[in-house]
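What follows is a single structure, written as structure tokens, with notes after it.
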Amino acid sequence: MDKRLQELANLPVGKLLLRYSVPAVVGIVVMQLYNIVDRIFIGQVVGTDAIAGLAITFPVVNITTALGVLIGAGASARVSIMLGNKDEESARKVVGNSLVLTLVIGAVYIAMFYLFLDDLLELFGATEANLPYARDMMLWVLPGLFLTNIAFSFNNIMRASGFPAKAMVTMFIGAGVNVVLDPIFIYVLGWGIKGAAIATDIAMAVSAVFVMSHFMRGHGTVRFCRGIYRLDRRIVWGIIGIGAAPSIVNLAGCLINILINNTLNRYGGSDAIASAGVFVTVTSFVVAFIIGVCQGMQPIAGYNYGAKRYVRLNRVFMLALCVVTAVSVAGWVLGMLVPKGLSAAFLTDAGMVKNTAGYLSIAMSMFWMVGVQIVSTTFFQSIGKVGKSIFLSLTRQVLFLIPTLLILPGIYGLRGIWLCFPVSDVAAFAVTVVMVVWQLRKLRQVAAGI
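Just so you know, we're using numbering that gives the first Met the number 0 here: the sequence shown kicks off at 0 and counts up by one.
Here you go:
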């Protein structure tokens, strides 16, 4: 057995989670940091309408991310389970099938977005003031989004097959290139929001080349080789089945963004959309820590579930649950104590800063609950419980957030939009606790032979 796979089976789960989570957290947080730097540059240099235009593009990003996650998350979970079952040949076929699916899906969505870009942006809530900024961003960033899918998808597979540190390096390379190019393209060349998009494209191209070279050079058990690229229905459905849950989360996020942007535009105009852009940026940074921990947990949970080591599976989940809860609480404290400082980083108008700070305090009032749902969804995904993972991924954004967005603004106006977030957080948290307790009890019964 490969040394890295032996570690997944035998090392203490605390040490394993630290080894796998730290590179994932560092990598994904670095990626979020350079996204934040992009938005600070845009907000401080170009203005509020540019931030609003950037917020309008979030649904497009969510759609492309959903399609990438559909393959990347599903493939990494399948690879972990198959390696736990000692089925290395099938794990390699998952990698080959994933490459073909990523290329085909990417070509289709890029063509569709270019053909209908303005119509889609207007559907997503663009106004006459911010549409030019949204269009400039998307015209240039779409190729980078496709490259991001390649880099992130195979980065997840790299981590799942025993290379967490190298997966982190992939993130660092892209972030480093972006940080260097951003000020050059935005300030020196004066390209504005287009410069930020081009810098992202180049950074993601470098990351994609790096991660793909890992599989081409044959490092480790899982690699590119002959006979793995023919699409196999069983493998394809296995990838899509597990990847459906996190993919649906992103697609639901797209629908929510469309609904939020249009509702904000109706009650508060472009300024309200800009405030939402700040809220999404701030919360996404905290969620990046949580996702990093979940990415570290996933290969450990998947491998040990495949190997029927349920005690280790339970331990790694409970440990990850404690960590992400601590991160969520830290984010909640930040949102409650310094909302004005967070808003001022992205906005220059004093009135906008004050209003946005108030909105952040409302929207993040129950944010400390968010980590529990995210890690629990990843847990169900890691053990192949597709239906439960999909259902749990839909609770906050579809079952609760959409109805509240349709009801509360009519009662409380603009304030009602921001109240939707804590209400949904509480409801989703309650459902998550019930489902997780039931599943852990069932796993204990299986382990005891009941």
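From the three backbone atoms N, C-alpha and C, an ideal C-beta is built for every residue, glycine too.
Here the structure is a predicted model, which is why all the values come from computation and not from measurement.
Item checked: Coarse secondary structure for Cys419, derived from DSSP in three states -> It is helical.
Next item on the list: Write down every uninterrupted run of the alpha helix (DSSP H) in the stretch 184-247 whose length is 4 residues or greater and which is fully enclosed by it, in chain order.
Entry: 191-215
Check: What separation, rounded to the nearest whole angstrom, lies between the Cα atoms of Gln294 and Val221?
Finding: Taking the straight line from one Cα to the other gives about 18 angstroms.
Next item on the list: Could you check if Thr347 is buried or exposed, using at least 16 other CB atoms within 10 Å of its CB as the buried criterion?
Entry: Here Thr347 is exposed: its Cβ has fewer than 16 other Cβ atoms, across all protein chains shown, within 10 Å.
Next item on the list: Go to Ile382, then tell me how far its alpha helix (DSSP H) extends in each direction, as first and last residue.
Entry: Ile382 -> no alpha helix (DSSP H), and no H or E assigned at all.
Margin query: Cutting at 6 angstroms between CB atoms, please list the residues of its own chain near Ala271, excluding the five before and the five after it.
Written below: Leu263
Next item on the list: Decide if Cys419 is buried, meaning its Cβ has at least 16 other Cβ atoms within 10 Å, or exposed.
Entry: buried
Item checked: Where the alpha helix (DSSP H) through Ala110 begins and ends -> Glu87 to Leu114
Item checked: Cβ separation of Met296 and His213, assumed to be a contact under 8 angstroms, to the nearest whole Å -> Not a contact, Cβ separation roughly 22 angstroms.
Check: Which one of Val99, Ala128, Ile80 and Val60 has the shortest CA to CA distance from Gly268?
Finding: Ala128
Next item on the list: Can you tell me the Cβ-Cβ gap for Val469 and Asn249, rounded? I've got them flagged as a contact below 8 angstroms.
Entry: Nothing can be reported for residue 469, as the shown portion of the chain is limited to 0 through 449.
Checklist line | Neighbour-count burial assignment, Phe115, 16 or more Cβ in a 10 Å radius | finding: exposed
Item checked: Selection from Val94, Tyr228 and Leu312 that minimises the alpha carbon distance to Val445 -> Of the listed residues, the one whose Cα sits closest to Val445 is Leu312.
Item checked: Distance between Leu400 and Val430 (C-alpha atoms, nearest Å) -> Near 14 angstroms, if we compare the C-alpha coordinates of Leu400 and Val430.
Next item on the list: Answer yes or no: do Ala456 and Ser206 have a C-beta to C-beta separation smaller than 7 angstroms?
Entry: The displayed coordinates of the chain run from 0 to 449. Any statement about residue 456 would go beyond what the structure contains.
Next item on the list: Specify whether the stretch 94-108 and the stretch 319-326 touch according to this definition: at least 3 beta carbon pairs, one from each stretch, less than 8 angstroms apart.
Entry: Touching, no.
Item checked: Inter-residue Cα distance where the pair is Phe112 and Leu119 -> 8 angstroms
Next item on the list: Return helix, strand or coil for Glu127, following the three-state DSSP convention.
Entry: coil
Notebook entry, point to check: Of all the options Ala196, Ala72, Val12 and Leu146, which has the alpha carbon lying nearest to the alpha carbon of Gly105?
Noted result: Closest by alpha carbon: Leu146.
Check: If we call anything under 7 angstroms between Cβ atoms a contact, is Ile234 one with Val93?
Finding: yes
Item checked: Own chain partners of Met0 with C-beta closer than 6 angstroms, once the 5 adjacent residues on each side are dropped -> Below a pLDDT of 50, predicted positions are generally treated as unreliable, and Met0, at 47, falls in that range; the measurement from the model is reported next regardless. Taken in chain order, the list of residues that qualify is empty.
Next item on the list: Mind checking which residues open and close the alpha helix (DSSP H) that includes Met167?
Entry: Pro163 to Pro182
Item checked: C-alpha gap between Val107 and Leu66, whole angstroms -> 11 angstroms
Item checked: Asn96 versus Ser79: straight-line alpha-carbon distance, rounded -> 16 angstroms
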